[in-house]
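Worksheet: one structure, shown below.
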Amino acid sequence: MLVLAFFEFSPRRSGTPFLGLGADNPFVGLEHFRQMFDFADTAPLEVRQFHTALKVTLLFAFLIVPLNLAITLPLAAMIESVGRRSRVWFRTVFFLPVLTSAVGVAIIWGFVLHPQRGLLNALISRVTGGSTVIAWTTDPNLSFLGIPIALLAVSVAYLWQDIGYNLVIFVAALQAVPDSVKEAALVDGASAGQRFRLITLPLLKPTILLASVLTMISAFQVFDLFQVMTDGGPEDQTRALSLDIYQNAFRFQRMGWAAAVSLVLFLVVFTISRAQSRLLRTDWEY
Amino acid sequence: MATVASVPRRGALARHRATRAALYAALIAFGIVAALPFVWMILASLKTGAEIRQFPPTFFPQAPTLANYGTIVSDPELPLELFYRNSLFVALSNVVTTLFTSSLLGYVLAKYRFRGRQALFWFVLATMMIPAQVTMIPGYLILLQLGLLNNLWGLVLPAFIDAFGVFVMRQFILSISDDEIWSARVDGASEWRIYRSVVLPQLKPVLATLGMLTFMFNWNAYLWPLIVLTEQDKRTLPIILTWYQTQRTAQLELVMAASVLMVIPVLLVFAASQKWIVRGLTLTGGK
Numbered sequence: 001m002l003v004l005a006f007f008e009f010s011p012r013r014s015g016t017p018f019l020g021l022g023a024d025n026p027f028v029g030l031e032h033f034r035q036m037f038d039f040a041d042t043a044p045l046e047v048r049q050f051h052t053a054l055k056v057t058l059l060f061a062f063l064i065v066p067l068n069l070a071i072t073l074p075l076a077a078m079i080e081s082v083g084r085r086s087r088v089w090f091r092t093v094f095f096l097p098v099l100t101s102a103v104g105v106a107i108i109w110g111f112v113l114h115p116q117r118g119l120l121n122a123l124i125s126r127v128t129g130g131s132t133v134i135a136w137t138t139d140p141n142l143s144f145l146g147i148p149i150a151l152l153a154v155s156v157a158y159l160w161q162d163i164g165y166n167l168v169i170f171v172a173a174l175q176a177v178p179d180s181v182k183e184a185a186l187v188d189g190a191s192a193g194q195r196f197r198l199i200t201l202p203l204l205k206p207t208i209l210l211a212s213v214l215t216m217i218s219a220f221q222v223f224d225l226f227q228v229m230t231d232g233g234p235e236d237q238t239r240a241l242s243l244d245i246y247q248n249a250f251r252f253q254r255m256g257w258a259a260a261v262s263l264v265l266f267l268v269v270f271t272i273s274r275a276q277s278r279l280l281r282t283d284w285e286y
Numbered sequence: 287m288a289t290v291a292s293v294p295r296r297g298a299l300a301r302h303r304a305t306r307a308a309l310y311a312a313l314i315a316f317g318i319v320a321a322l323p324f325v326w327m328i329l330a331s332l333k334t335g336a337e338i339r340q341f342p343p344t345f346f347p348q349a350p351t352l353a354n355y356g357t358i359v360s361d362p363e364l365p366l367e368l369f370y371r372n373s374l375f376v377a378l379s380n381v382v383t384t385l386f387t388s389s390l391l392g393y394v395l396a397k398y399r400f401r402g403r404q405a406l407f408w409f410v411l412a413t414m415m416i417p418a419q420v421t422m423i424p425g426y427l428i429l430l431q432l433g434l435l436n437n438l439w440g441l442v443l444p445a446f447i448d449a450f451g452v453f454v455m456r457q458f459i460l461s462i463s464d465d466e467i468w469s470a471r472v473d474g475a476s477e478w479r480i481y482r483s484v485v486l487p488q489l490k491p492v493l494a495t496l497g498m499l500t501f502m503f504n505w506n507a508y509l510w511p512l513i514v515l516t517e518q519d520k521r522t523l524p525i526i527l528t529w530y531q532t533q534r535t536a537q538l539e540l541v542m543a544a545s546v547l548m549v550i551p552v553l554l555v556f557a558a559s560q561k562w563i564v565r566g567l568t569l570t571g572g573k
């Protein structure tokens, strides 16, 4: 792998018998990594696409993590506080998308967001009384707060799929908080909001850190949703790094370049994992 | 907890009831939103083609019909039985190999003392951190050299050892007491026999969880099968589903019926056994 990134490699060309490298697949040294820093408009297409992909992936990951936590934490607190039987019921409902294949999720959401036949446009039309036809995943000119709508559409589908996972982890962590702590707060007359802010959040801190890092790492690697829902479009607005690597390697046969890009992805994930172990060192017990 | 809450002040009971009602209302609302895409898919699969193409779309089918399922099952372009068989073969083979290698390696890493044990364990952990996108290109080239492209074994052999599984098993086996293993050894049991009759029986719950996670992961896998399998009749369900979607863009009712057939059966099995999966997830915190 490490070796490949330094070659202009394609399995279609012949090389020397040794791994097919050399000859028509020449050694290019650090050339690929040097090209990555070419920010001029004249840079080769794959370099500009790499810059786009890096931006899209970072935006996606930093969008997913806060939104995921903002939904799962209160939801977990709510689910934990209902009776045992309803808890299992709600947990199942939110957990089913986790078990669904990402391809299934992409197809279901593609249909929900379909311009003419989709549920979302139908609901908006019903509420506004007009007939809304918004191409959520294909119109390049739509954006919200500077974020392309297509990227938001994939984010919503991913959130829908991924929420049940953190939910299960948080509910389990909440159940591990001793009842004496919760009851003491109740007797002292703390409101639900206060209990959430002053007890739930601080006690769950290690779990929240772990969950946010795991969520971020997996957000960096999402492939199926991007490929099936948008295939990187419109105008590369949803071209994630994993999709960029796949297309370069297997559609355009630029395996050396793809290997170099995948090393960048690895470095990003690795750095975040390191930061995680540092953050988690604040671990403590009750 | 409810009784504790109702003791302190007057009016607290009524307020408590109101909060509970609001809580349930909010949860049910969230639950409906979460279930809506599934419901939309299932309802669409019951509509006629004409109704699907209506604008604005209807929510409930006007004349529910199972005809779409009939069309799909008898579609010669989509031999579902074959693709189910491919998917099942890959998923089940991976379950068997993963359970075997994980429990064996986990046992060795947990209970045997040898030079380099710690290094080996860290090596296993390190491979867990490498994203699939990084290993897919060299993995593809290796399969190319071995002539395993376009072969279902190409989805089984590279996954022969699963780092996550080894890690989980090792953690679990650490809690098995050494005394039992030693007493079996003193009684003259072979190492293989100890693994089979002393260690394995105690692993049942964690084997069940790991088995289900492995099955689910392989059943849903998309990227790697997409790269390895290039011939239509070798492909697994998720890839076939995306292919079918591109073939029938104008007949969404058929695509939805196909999605239901491929998504719902597995979902039902796992919803029934989710207790195990949830336990596995919280046990390990792994993803």
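Line order of the protein sequences matches chains A and B.
Its first residue numbered 1, the first sequence is counted upward by one per residue in my numbering.
Its first residue numbered 287, the second sequence is counted upward by one per residue in my numbering.
C-beta: ideal position from N, C-alpha, C; glycine also.
Short CB-CB distance (under 8 Å) between residue 326(B) and chain A: Taking the second sequence and counting its residues from 1, the one referred to as residue 326(B) is at position 40. Closer than 8 Å: yes.
Neighbourhood of residue 18(A) by C-beta distance below 6 Å, restricted to the same chain and skipping five residues each side: Stepping through the first sequence from its first residue, residue 18(A) is reached at position 18. Because the pLDDT of residue 18(A) is 49, which lies under 50, any placement of that residue in the model is unreliable, and the number read from its coordinates should be weighed accordingly. Excluding residues within five positions, none has a Cβ falling inside 6 Å.
Spatially closest choice to residue 356(B) from 539(B), 451(B), 430(B), by CA coordinates: Counted from its first residue, the second sequence places residue 356(B) at position 70. Of the candidates 539(B), 451(B), 430(B), the one whose C-alpha sits nearest the C-alpha of residue 356(B) is 539(B).
Within-8 Å CB hit, residue 320(B) to chain A: Looking up residue 320(B) in the second sequence gives position 34. Yes - at least one Cβ of chain A is within 8 Å of the one on residue 320(B).
Distance between residue 380(B) and residue 462(B) (C-alpha atoms, nearest Å): Here residue 462(B) corresponds to residue number 176 of the second sequence, with the count starting at 1. Here residue 380(B) corresponds to residue number 94 of the second sequence, with the count starting at 1. Those two C-alpha atoms are separated by around 26 Å.
Assigned secondary structure, residue 555(B) (DSSP; H/G/I helix, E/B strand, else coil): Position 269 of the second sequence holds residue 555(B). Residue 555(B) falls in the helix class under three-state DSSP.
Residues within the segment 402-417 of chain B neighbouring chain A, beta-carbon criterion of under 9 Å: 415, 416, 417
Sequence ranges, alpha helix (DSSP H) only - wholly within the segment 200-242 of chain A, length at least 4: 201-220
Separation of residue 228(A) from residue 136(A), as counted between CA atoms: Translated into the one-based positions of the first sequence, residue 136(A) becomes position 136. Translated into the one-based positions of the first sequence, residue 228(A) becomes position 228. Cα to Cα, the separation comes out at about 14 Å.
Closer than 8 Å to chain B by CB, residue 134(A): Position 134 of the first sequence holds residue 134(A). Output row for residue 134(A): interface = no.
Among 261(A), 41(A), 253(A), the one whose alpha carbon lies nearest that of residue 240(A): On the first sequence, residue 240(A) is found 240 positions in, with the first residue counted as 1. Nearest of 261(A), 41(A), 253(A) to residue 240(A), Cα basis: 261(A).
Min CB distance residue 226(A) to chain B below 8 Å: Position 226 of the first sequence holds residue 226(A). No - not a single Cβ of chain B is within 8 Å of the one on residue 226(A).
Proximity to residue 275(A) [Cα-Cα], best of 210(A), 251(A), 47(A), 78(A): Counting from one through the first sequence, the residue named residue 275(A) turns up at place 275. When only C-alpha atoms are compared, the closest one is 210(A).
Cβ contact check for the segment 514-534 of chain B and the segment 57-65 of chain A: 3 or more pairs under 8 Å: no
Rounded C-alpha distance that separates residue 321(B) from residue 215(A): The residue given as residue 321(B) occupies position 35 in the second sequence. The residue given as residue 215(A) occupies position 215 in the first sequence. Roughly 22 Å separates the two Cα atoms.
Completely contained alpha helix (DSSP H) runs for the segment 330-390 of chain B, where each covers 4 or more residues: 335-338, 353-359
First through last residue of the alpha helix (DSSP H) which encompasses residue 114(A): Looking up residue 114(A) in the first sequence gives position 114. Premise fails: residue 114(A) is in no alpha helix (DSSP H) and is neither H nor E.
Proximity test, Cβ basis, 8 Å: residue 160(A) and chain B: The count along the first sequence starts at 1 and reaches residue 160(A) at position 160. True, the Cβ-Cβ gap to chain B drops below 8 Å.
Candidates 104(A), 259(A), 116(A): closest to residue 46(A) by CA position: Within the first sequence, numbered from 1, the residue matching residue 46(A) stands at position 46. Cα-wise, what sits closest to residue 46(A) is 259(A).
Residue from 246(A), 52(A), 80(A), 26(A) with nearest C-alpha to residue 167(A): Stepping through the first sequence from its first residue, residue 167(A) is reached at position 167. Closest option to residue 167(A), Cα to Cα, is 80(A).
Length at least 4, wholly inside the segment 401-446 of chain B: the alpha helix (DSSP H) runs in chain order: 403-414, 418-432
Where residue 78(A) meets chain B, residues with beta-carbon distance less than 7 Å: Translated into positions along the first sequence, residue 78(A) becomes position 78. Per Cβ cutoff of 7 Å: 309, 312, 313.
Exposed unless 16 or more other CB atoms sit within 10 angstroms - verdict on residue 244(A): Reading the first sequence from its first residue, position 244 is the one you call residue 244(A). Result: buried.
Best match in 358(B), 436(B), 311(B) for proximity to residue 86(A) [C-alpha to C-alpha]: Mapped onto the first sequence, residue 86(A) falls at position 86. Selected option, being the one with the closest Cα: 311(B).
Sequence-distant residues of the same chain with beta carbon closer than 7 Å to residue 113(A), five excluded per side: In the first sequence, the residue the question calls residue 113(A) occupies position 113. Once the five neighbours on either side are set aside, the close Cβ partners of residue 113(A) are 120, 136, 137, 153.
Beta-carbon proximity check, residue 510(B) vs residue 414(B), cutoff 8 Å: In the second sequence, counting from the first residue as 1, residue 510(B) sits at position 224. In the second sequence, counting from the first residue as 1, residue 414(B) sits at position 128. No. Outside cutoff.
First and last residue of the uninterrupted alpha helix (DSSP H) at residue 462(B): Counting from one through the second sequence, the residue named residue 462(B) turns up at place 176. First-last for residue 462(B): undefined, no H or E at that position.
Same chain, Cβ closer than 8 Å to residue 174(A), neighbours up to 5 away in sequence not counted: Along the first sequence, read from residue 1 onward, the residue named residue 174(A) stands at position 174. Cβ neighbours of residue 174(A) beyond the five flanking positions: 76, 77, 80, 200, 204.
Residue 57(A), enclosing alpha helix (DSSP H) - first and last residue: On the first sequence, residue 57(A) is found 57 positions in, with the first residue counted as 1. Where residue 57(A) is concerned, the enclosing alpha helix (DSSP H) stretches over 45-80.
Limits of the unbroken alpha helix (DSSP H) element including residue 149(A): Sequence index remark: in the first sequence, residue 149(A) carries index 149 (1-based). Where residue 149(A) is concerned, the enclosing alpha helix (DSSP H) stretches over 149-176.
Separation of residue 326(B) from residue 368(B), as counted between CA atoms: Here residue 368(B) corresponds to residue number 82 of the second sequence, with the count starting at 1. Here residue 326(B) corresponds to residue number 40 of the second sequence, with the count starting at 1. Distance between the alpha carbons of residue 368(B) and residue 326(B) is about 28 Å.
Partners in chain B for residue 221(A), counting only beta-carbon separations shorter than 9 Å: Position 221 of the first sequence, counted from the first residue, corresponds to residue 221(A). Those within 9 Å of residue 221(A) in chain B are 417, 418, 419.
First and last residue of the uninterrupted alpha helix (DSSP H) at residue 497(B): By 1-based counting over the second sequence, the position of residue 497(B) is 211. 490-506 is the span of the alpha helix (DSSP H), which, as asked, contains residue 497(B).
Residue 95(A) in three-state terms, based on DSSP: Locating residue 95(A) in the first sequence gives position 95, where the first residue counts as 1. In the structure shown, residue 95(A) sits in a helix (DSSP, three-state: H, G or I).
Span separating the alpha-carbon of residue 198(A) from that of residue 53(A): By 1-based counting over the first sequence, the position of residue 198(A) is 198. By 1-based counting over the first sequence, the position of residue 53(A) is 53. Each residue's alpha carbon lies about 40 Å from the other.
Counterpart residues of residue 144(A) in DSSP-defined beta bridges: Against the first sequence, residue 144(A) aligns to sequence position 144. Its beta-bridge partners are 147(A).
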